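Numbering (full-length UniProt numbering), first residue to last: 1 to 130.
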């Protein structure tokens with residue numbers, strides 16, 4: 001099975017690259033067109049190029065995963081900060097209500113800000129789940 005796969009790969013190299021078959025780049029010249037025409041140096045060169053392409057794709061995938069992870073962490077931080085802000089605003093509202101010397105419109109404005117902060121935090125968390 002492995003030998004068949006190796007022969008198939010070698011045949012693909014011959015078909016895809018006239019150089020590998022001992023021919024000129026335009027396909028002319030050279031007398032050997034079989035697997036024996038592939039030199040060890042040519043195989044190493046093709047394997048090295050393949051290895052480079054695989055490494056580049058792997059690095060791209062890792063970078064994309066890392067970027068996604070960083071976005072997720074940033075959203076988590078934003079959601080936590082929004083909730084902290086909302087909690088702080090609600091605590092201020094309670095203090096202002098007990099104080100009784102502050103204009104009710106200021107209290108209502110602060111309460112509205114707290115509710116908006118809670119809503120934004122919830123939206124960020126929902127986006128994380130999607």
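Beta carbons: idealized from backbone N, C-alpha and C, even for Gly. Please read these numbers as outputs of a predicted model, since none were measured by experiment.
Inset, instruction - Classify residue 193 as helix, strand or coil using the three-state DSSP reduction. - result: This structure gives no information on residue 193, because the portion of the chain shown stretches from 1 to 130.
Legend entry - Cβ-Cβ distance between residue 86 and residue 122 below 7 Å: Within the chain shown, the letter at position 86 stands for residue 86. Within the chain shown, the letter at position 122 stands for residue 122. No, the Cβ-Cβ distance between residue 86 and residue 122 is not below 7 Å.
Legend entry - Boundaries (first-last residue) of the alpha helix (DSSP H) holding residue 102: As a position in the chain shown, residue 102 is number 102, starting the count at 1. Careful: residue 102 lies outside any alpha helix (DSSP H) and carries neither H nor E.
Inset, instruction - Quick one: residues in its chain with C-beta nearer than 6 Å to the C-beta of residue 92, no 5 flanking neighbours on either side, listed in chain order? - result: One-based indexing of the chain shown puts residue 92 at position 92. For residue 92, where only same-chain residues beyond five positions count, the Cβ hits under 6 Å are 110.
Legend entry - Of the residues 89, 102, 79, the one placed nearest residue 124, counting alpha carbons only: Residue mapping note: residue 124 aligns to position 124 of the chain shown, counting from 1. The option with the nearest alpha carbon to residue 124 is 79.
Legend entry - Beta-carbon proximity list for residue 72, same chain, < 8 Å, skipping 5 on both sides: As a working mapping, residue 72 is identified with position 72 in the chain shown. Result list for residue 72: 128, in chain order.
Inset, instruction - Drop a sphere of 10 angstroms on the beta-carbon of residue 47, count the other beta-carbons inside from all chains shown, and report buried for 16 or more, exposed for fewer. - result: Position 47 of the chain shown, counted from the first residue, corresponds to residue 47. Exposed, because fewer than 16 other Cβ atoms sit within 10 Å of the Cβ of residue 47.
Inset, instruction - May I have the straight-line CA-CA distance separating residue 60 from residue 51, to the nearest angstrom? - result: One-based indexing of the chain shown puts residue 60 at position 60. One-based indexing of the chain shown puts residue 51 at position 51. Residue 60 and residue 51: Cα-Cα distance of roughly 14 Å.
Inset, instruction - Can you tell me which of the three DSSP states residue 39 falls into? - result: The residue labelled residue 39 in the question sits at position 39 within the chain shown. Three-state result, residue 39: coil.
Inset, instruction - Can you have a look at residue 21 and say buried or exposed, based on whether 16 or more other CB atoms are within 10 angstroms of its CB? - result: Counting from one through the chain shown, the residue named residue 21 turns up at place 21. Its pLDDT being 48, under 50, residue 21 is placed unreliably by the model, and the measurement read from it follows with that caveat. Buried.
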